[in-house]
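See structure below.
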Amino acid sequence: MSTLDLFSVAPPDAADLLPRRFRDWFASRGWAPREHQLALLAKAREERSALLIAPTGAGKTLAGFLPTLVELAGAGKEDAPATRATGEQRKALISTGRSVRRSGGLHTLYISPLKALAVDIARNLETPVAEMGLPIKIETRTGDTPVSRRQRQRRYPPDILLTTPEQLALLLASDDAPYLFSSLKRIVLDELHALVTSKRGDLLSLGLARLWAIAPQLRAIGLSATVAEPEQLARFLVPQPGGKSASADVVTAGGAAPPVVEMLDTRERLPWSGHSARHALPEVYELIKRNKTTLVFVNTRSQAEMLFQDLWRMNDDGLAIALHHGSLDVAQRRKVEDAMAAGRLRGVVCTSSLDLGVDWGDVDLVINIGAPKGSSRLMQRIGRANHRFDEASRAVLVPANRFEVLECAVAIDAIAENAQDTPPLRSGALDVLAQHVLGCACGKPFLSDELYAEILTAAPYASLSRTDFDDVVEFVATGGYALKTYERFARIKQDKQGRWRVANPKVRQSYRLNVGTIVEETMLKVRLVRSRAGGTGSTGAIARGGRMLGEIEEVFIEGLVVGDTFVFGGEVVRYEALVEDQVYVSRANDKDAKVPSYMGGKFPLSTYLAERVRKLLDNSRAWNALPDQVHDWLSLQRRFSRVPAVRELLVETFPRGGSHYLVCYPFEGRLAHQTLGMLLTRRLERARARPLGFVANEYALAVWGVGDLSFLIRQGRLDLNALFDPDMLGDDLEAWLAESALMKRTFRNCAIISGLIARRFTDEEKSRRQVLFSTDLIYDVLRKHQADHVLLRTARADAATGLLDLRRLGDMLSRIHGRITHKPLDRVSPLAVPALLEIGRESVYGEASDELLAEAAEELVREAMT
Amino acid sequence: MTAGAQASGDLDEMRVSRVTVADVPFLADFSGALFWEEQRLLIVSDLHLEKGSSFAARGVLLPPYDTVATLSRLAAVIARHDPRQVIALGDSFHDRDAHRRLSEPDREALAALQVRRNWIWISGNHDPALPPDLGGVVASEVAIGPIVFRHEPTGASGEIAGHLHPKARVPTRGRSIERRCFASDGERAVMPAFGAYTGGLSIRDVAFARIFGSPGFMAHVLGDNRVHAFAASRCY
């Protein structure tokens, strides 16, 4: 029962499925209903939930809403009279008594990952509804909806409500949720492929489970871009029966023209490293000039800032080029989106902030700067061009360095084969479950057994153990500590019948303020002050005040040293000081920033593309299709050292400038490489190789130190197979996790999502200054005194796929075990150059803080003495 | 010329460095305690015992292990130096009722540390009224020779105080490290907070400029196993 066979069965008949009013409306627009739109109507009639897989521009949204519109039009069957109450009658039926059965009530819920999208969809729906004169009330509910309207929506719900996963959680966490949702017939989940990859998807799945319990008649329609495993995704849409697996029917919209994708054949010299693609900017500018509207995607916010600045520097034609990224003010972003929709822009430089969203029709070219990271991701981006379904999207990939040329080449092949590499469905996180349990207690009191059974129906939680569930409930109640001293402070309590309810209204209030799973980075305010550089070097107390430039992530600032320059808000600034939550910067006269602030982007190179890059390297005949510069580079590498085979790990060692280097090429993405670097340096320290630091990029890892690694290996004192043994994920990992800043960040997110630590406070709490609390201190204490606490377990599970990418590292270590090829060299190899060039641009890692502190202290002593 | 340069030889073994206040030499322990060898006097500040349960009462269920964590670190530094006297420099308890919430084992652990030692509780803003049954004596401040111990710093010469929870961010290769620290200019010192759940205030805050008058003071930064000295002007 994979993809619904539209054609082996009788093709759906428009006349049978679409009432006359709708057929006429389609005709009046010069349209015909598409096959997948009719297929969804057929599914609806059969009372089946369905997942629609369709590219952008396929009329996906309308397809999702057609069953609802037809049902609400009261003409699902031409002969059936409209049974729905009119507005007047409905009002008369309103009662706060929950036993009263109303006709009408909320019919369809639409969930979007973006509130702006919910608002746009509502607007777009108004057109067919108005033109067909359907008696349907459509409303949105987002964080911006005024309180008065929210209250009205609870008592007098619209027919269709468009909202977000967080708002759904809030609506469910109230005791009138059964009143509001018992009439619910359909739920439409938009951009499902994007939602399910994060903890927001977990939260949504739990909301769905609750809805199925309240409204068993509920049927779901998921709308998704193409994914690797549609069957898996389709499980999300239906209640999972214990022990077995159930899926919604999959409907695939066919017929989209394959995209036309090419790599920019630059006339310039290809850089060895870096991510700015500055060499190709004149060519990018030319492309914008030659096309009507171009979307230029980059991987990070700061890249977007820099590119935007550079394009305007060469913008002699005064082309309307705009900037769009997640850190910009919302109003600013909306302005850009509106100008875009109105066709007033020639180009928009953007980040993943534009990966999702409404269709814009007029985009005729997508340019992707830098690494594509994954083939599905890239296809979705390319789909942003030319939303006319049957015309091919056009895209140009602009690799920023030589390794990225390889990545672009394999991505283009993958697209030609329509090969998808979306990740498998997550298993639900326990911190999100904790939030949900508290939310449930805020609504109608619940029994543990019943709630557990309900949660198992959510696909991501289908295999949740009872122990984990009980631990989570205990955590929500009293913190879940072995030392049971908090009974009297419990947040939820059981009554005599064993039903859990919130202990006091403050708990409910705090839940409402803190709902959601998106933990924003700690942001610092950036203020512009006068420079104090050029004086004594020693700095006085900082003058407060200064013009506010915006906000920046704390993690970025932590990597800086006073005097470093970086681009912010479109200009190059010098870092002066950090006091409390204020960053002081001065205007720098430099044209280039010293710190490129490439934070690596959010997504690592997909396992699938990595595999293809390794295959491409191993197949020298295929190099002919690559640009000459890259072909020559690889050929040189083959003569000088070796080009790694598909399954082997190439390790090169060589001396350079007084240090000794080890460079390896796992191609597993920067996060996994960073973790590997941390663990390798620990082991090299034990082997007395005296490592000093390492630098990781998406493809390679370079470690350097004092000890002569080639010599140690030759003498048999260092065994590479032992060095890269998977057992490094045992004790070494545990020891490192104790102090890892990345692990502490992971824990912080879990502490916030689970509700241990609040991030938003009531006004009363705000007046107390001590509401903020460092989760690092909690981590240290908890790890020492209750290492198996549910929050630490959650953080470890996150670390497997998140910032530390442990799972991927583990897979790689097993893959290369016994397949390491060592090349001792007398100098740096061509393949190693890009990694080494990152040194100095990227932070050098090493978490042995005592050594770093001692080194810093000695340096200052030297400075003071000379 | 810096204390970092002096922290060598046998001092390294002890994992301490020297901090001089009004010509009296102290050892700064990496745990955040000060030791006056001649007097065999150990000073710790801002223990904030029972901070966890204090938050729990307000609905933030922090792990209830901060008191045991703080006391076991205190036991370790006491074992290292075997002091004859101990001064807890104020804010030893996070709130007025905190001492009543001490668990029986924690109470016993505390009593064990006080055996054969003079124990002085200096009162702080968090614990202004300590009961007499905690062992030791309670005082608002104590003077020994040229040194005055009090909770809130006034900037007076010869003063050792706590209250501010100094921390410093030190630039190192490629990144910076933030740790608790002692702040001292040779005439006066502010001690780091010792408690497991105590946060910190950057030594670049104006509060420190008020006490030291200029940024010409040192930050003795607590490492994992030793103390590192930096000019405060180099930290941020």
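Same order as they appear, the protein sequences are chains F and Y.
Start counting the first sequence at 0; every next residue gets the next number (numbering that gives the first Met the number 0).
Start counting the second sequence at 0; every next residue gets the next number (numbering that gives the first Met the number 0).
C-beta: ideal position from N, C-alpha, C; glycine also.
Computed from a prediction, not measured in an experiment: that's the story for all the values here.
Check: As assigned by DSSP and simplified to three states, the class of T139 of chain F; Outcome: strand
Check: Runs of alpha helix (DSSP H) lying entirely within the stretch 590-661 of chain F, each at least 4 residues, in chain order; Outcome: 606-617, 627-639
Check: Top-ranked residue by Cα proximity to T66 of chain Y, from Y:L109, Y:F29, Y:W35; Outcome: Y:L109
Check: Chain-ordered chain Y contacts of S773 of chain F [CB-CB under 7 Å]; Outcome: G198
Check: Partner residues on chain F for R106 of chain Y, Cβ-Cβ distance less than 8 Å; Outcome: Result: empty, since nearest Cβ-Cβ is about 14 Å, beyond 8 Å.
Check: Closest by C-alpha distance to I414 of chain F, when choosing among F:T774, F:S374, F:G438; Outcome: F:S374
Check: Limits of the beta strand (DSSP E) - the one that S183 of chain Y falls within; Outcome: 175-183
Check: Chain Y within 7 Å of Y778 of chain F, Cβ atoms only; Outcome: no
Check: Through-space distance from L318 of chain F to I287 of chain F, alpha-carbon basis; Outcome: 9 Å
Check: Validate contact between the stretch 285-300 of chain F and the stretch 362-377 of chain F using beta carbons, cut 8 Å, 3 pairs; Outcome: yes
Check: Beta strand (DSSP E) segments (min. 3 residues) lying fully within the stretch 272-359 of chain F; Outcome: 293-296, 320-323, 346-349
Check: Helix, strand or coil at D430 of chain F [DSSP, three-state]; Outcome: helix
Check: Any chain Y beta carbon closer than 7 Å to T484 of chain F; Outcome: yes
Check: Spatial distance of T69 of chain Y from L221 of chain Y (CA atoms); Outcome: 16 Å
Check: Chain Y contact for A576 of chain F (CB, 7 Å cutoff); Outcome: yes
Check: First through last residue of the beta strand (DSSP E) which encompasses R218 of chain F; Outcome: 218-223
Check: Within the stretch 108-177 of chain Y, ranges of the beta strand (DSSP E) (whole runs, at least 3 residues); Outcome: 117-121, 136-138, 140-143, 146-149, 158-160, 165-170
Check: Inter-residue Cα distance where the pair is H35 of chain F and G382 of chain F; Outcome: 18 Å
Check: Chain F within 7 Å of P191 of chain Y, Cβ atoms only; Outcome: no
Check: Per DSSP, the bridge partner or partners of T564 of chain F; Outcome: F:R573
Check: Contact the stretch 142-159 of chain Y vs the stretch 21-40 of chain Y: 3+ CB pairs below 8 Å; Outcome: yes
Check: Environment of D126 of chain Y [buried if 16+ CB atoms lie within 10 Å]; Outcome: buried
Check: Enclosing beta strand (DSSP E) for G107 of chain F [first to last residue]; Outcome: Position check: residue 107 of chain F holds Thr in this sequence, whereas Gly was assumed. Start and end: 107-110.
Check: Burial state of A6 of chain Y (16 or more Cβ within 10 Å); Outcome: Any reading at A6 of chain Y needs caution, since the residue's pLDDT is 38, under 50, leaving its predicted position unreliable; the model's value is listed next. Buried, because 16 or more other Cβ atoms sit within 10 Å of the Cβ of A6 of chain Y.
Check: CB of L722 of chain F within 7 Å of CB of R682 of chain F, strictly; Outcome: yes
Check: Any alpha helix (DSSP H) of 4 or more consecutive residues that is wholly inside the stretch 466-515 of chain F; Outcome: 504-513
Check: Beta carbon proximity, P131 of chain Y to chain F, threshold 7 Å; Outcome: no
Check: Cα-Cα separation, L888 of chain F to L113 of chain F; Outcome: There is simply no residue 888 of chain F to check, as chain F begins at 0 and stops at 865 in what is shown.
Check: Coarse secondary structure for F445 of chain F, derived from DSSP in three states; Outcome: strand
Check: Short CB-CB distance (under 7 Å) between L583 of chain F and chain Y; Outcome: In the sequence under discussion, the amino acid at residue 583 of chain F is Tyr, which differs from the Leu named in the question. No, its Cβ sits nowhere closer than 7 Å to a Cβ of chain Y.
Check: Y64 of chain Y in three-state terms, based on DSSP; Outcome: coil
Check: Residue environment, T197 of chain Y, which counts as buried when at least 16 other CB atoms sit within 10 Å; Outcome: buried
Check: Whole-number beta carbon distance between P63 of chain Y and Y485 of chain F, since they are thought to touch under 8 Å; Outcome: 6 Å
Check: Under 9 Å (Cβ pairs) to chain F, residues found in the stretch 48-67 of chain Y; Outcome: G51, S52, F54, A55, A56, R57, G58, V59, L60, L61, P62, P63, Y64, D65, V67
Check: For L625 of chain F and P423 of chain F, the rounded distance between their alpha carbons; Outcome: 32 Å
Check: The stretch 153-166 of chain Y / the stretch 181-189 of chain Y touching (three or more Cβ pairs under 8 Å); Outcome: yes
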